[in-house]
Amino acid sequence: MPPLDLLALEDEPVNGSHEEHYIRTSAPTQSPPQKRPTPNYADMEDNPWDDFEPAAPTSPIIPPNNPIPKAEEALPPPTNIPPPAVLISLFPSLMAEADESLFTALGKMDLKQKQMLLAHPASHQFLKAYLGRCTVMAHIIAGRKSRWKRDRFLSQSMRIGPAAAGGKGGMKLAGIDKGEVAKEDREVVDVVRLWRNQVGKVRTAVSAASAAPGLPKLPAVPEIVEQMAVRVVKAGEGGITASHACALCGLKREERVAKVDVEVEDSFGEWWVDGLNMHTTCRTFWRQFEKKLKSR
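Laid out in structure tokens, this is it:
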């Protein structure tokens, strides 16, 4: 962590002649006080600063975390979400951004500097948001096969003829199905490989940030592999059902991904958006990257 420049925290210098004017002049009785002159920033910008090294950022870039408006919960689930392969293809760039924003910088710091950075609330918020995205990635990978069966809008996009309109006798494009499955498998292999290279840095950062005084403990780091087990939580265990599966990942409300969905609280919207029928993290992810995904 570079030392703070205490001089930068001081007030702007005041012009000497201007200051003497106030010292020698008595307080005005009727006329309003004179305003301090505005500094000439154009002259300041002309001064050379080549001898100074640019300071490294002391806090990571925080991804936007837009809350879900109450009115939006009554809207139907989105029907224009791309296939799983397109969703998964977005995560390599998000993982690279996380490396650039935080994890690479941590690798160049000593222990004390790391502790100071990870104790910062901005770092804590960054890691929490990133863990949420990683959970969405795990859900998409684990539920991608189920989504093809449960999402009628997605399955109909692979049909032609009367079947696409809900009639009988339509022909399914098996060739496109096979190609899409192969594409999904390649995307999953690539993103899991990248995750394995990064997960050690994520665990170290999350552990240190959770131990920082005055900050809440962060969620557990998910274990993401190509094939992940999904189990159904019964009502006696706190499982709550919904009318539809999540429109983004294809998993149902009462389903949990092994070694990913740990200590789930499904009470006040922290897990599921009622009415919208989506995981809260999946809905947040879709709202953040909807435009970017549509352009792919």
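264 is the number that full-length UniProt numbering gives to position 264 of the sequence shown; each next residue is one higher, with no gaps. The beta-carbon is built from N, C-alpha and C at its ideal position, and this holds for glycine as well.
Next item on the list: Starting from Arg-296, follow the alpha helix (DSSP H) in both directions and report where the run begins and ends.
Entry: Per DSSP, Arg-296 belongs to no alpha helix (DSSP H) and is neither H nor E.
Next item on the list: Output the distance between the C-alpha atoms of Val-191 and Pro-92, rounded to the nearest integer angstrom.
Entry: 6 angstroms
Item checked: Residues of its chain near Leu-293, where Cβ-Cβ distance is below 6 angstroms and the 5 sequence neighbours each way are ignored -> Pro-82
Notebook entry, point to check: residue 321: buried (16+ other C-beta within 10 angstroms of its C-beta) or exposed?
Noted result: Here the chain covers residues 1 to 296 and nothing more, so residue 321 does not appear.
Next item on the list: Pair every Cβ in the segment 94-108 with every Cβ in the segment 119-135, then say whether three or more of these pairs are closer than 8 angstroms.
Entry: A contact exists between the segment 94-108 and the segment 119-135.
Check: Taking one C-beta from the segment 199-214 and one from the segment 124-139 each time, how about it: are there three or more such pairs within less than 8 angstroms?
Finding: The way I'd put it, the segment 199-214 does touch the segment 124-139; three or more beta-carbon pairs between them come closer than 8 angstroms.
Check: Given that a residue counts as buried once 16 or more other Cβ atoms are within 10 Å of its Cβ, and exposed if not, what is Ile-240?
Finding: exposed
Check: Among the residues of its own chain, which have a CB less than 7 angstroms from the CB of Leu-75, if the five just before and after it don't count?
Finding: Leu-276
Item checked: Minimum length 3: unbroken beta strand (DSSP E) runs contained in the segment 215-293 -> 230-232, 255-257
Next item on the list: Enumerate in chain order the residues of its own chain whose CB-to-CB distance from Pro-54 is below 7 angstroms, with the five nearest sequence positions on each side excluded.
Entry: Legend: pLDDT at Pro-54 = 37, less than 50; position of this residue unreliable, value from coordinates given subsequently. So no residue of the chain qualifies.
Next item on the list: Would you grab the beta carbon distance between Lys-128 and Leu-248 for me? Rounded to a whole angstrom, and I think it's under 8 angstroms.
Entry: At roughly 19 angstroms, the Cβ-Cβ gap does not stay under 8 angstroms, so Lys-128 and Leu-248 are not in contact.
Note to self: Is it the case that the segment 223-235 contacts the segment 253-270, given that we only count it when at least three CB pairs across the two stretches are under 8 angstroms?
What the structure shows: The segment 253-270, when compared against the segment 223-235, does touch it at the 8 angstroms Cβ threshold.
Check: Around the C-beta of Phe-285, are 16 or more other C-beta atoms found within 10 angstroms, so that it is buried, or is it exposed?
Finding: buried
Next item on the list: Kindly indicate the opening and closing residues of the alpha helix (DSSP H) around Leu-117.
Entry: 111-118
Item checked: Proximity winner among Trp-271, Glu-184, Tyr-130, relative to Pro-222 (alpha-carbon distances) -> Tyr-130
Check: Does DSSP put Ser-155 in a helix, in a strand, or in coil?
Finding: helix
Note to self: If the criterion is Cβ atoms closer than 9 angstroms, does the pair Asp-274 and Ala-245 meet it?
What the structure shows: no
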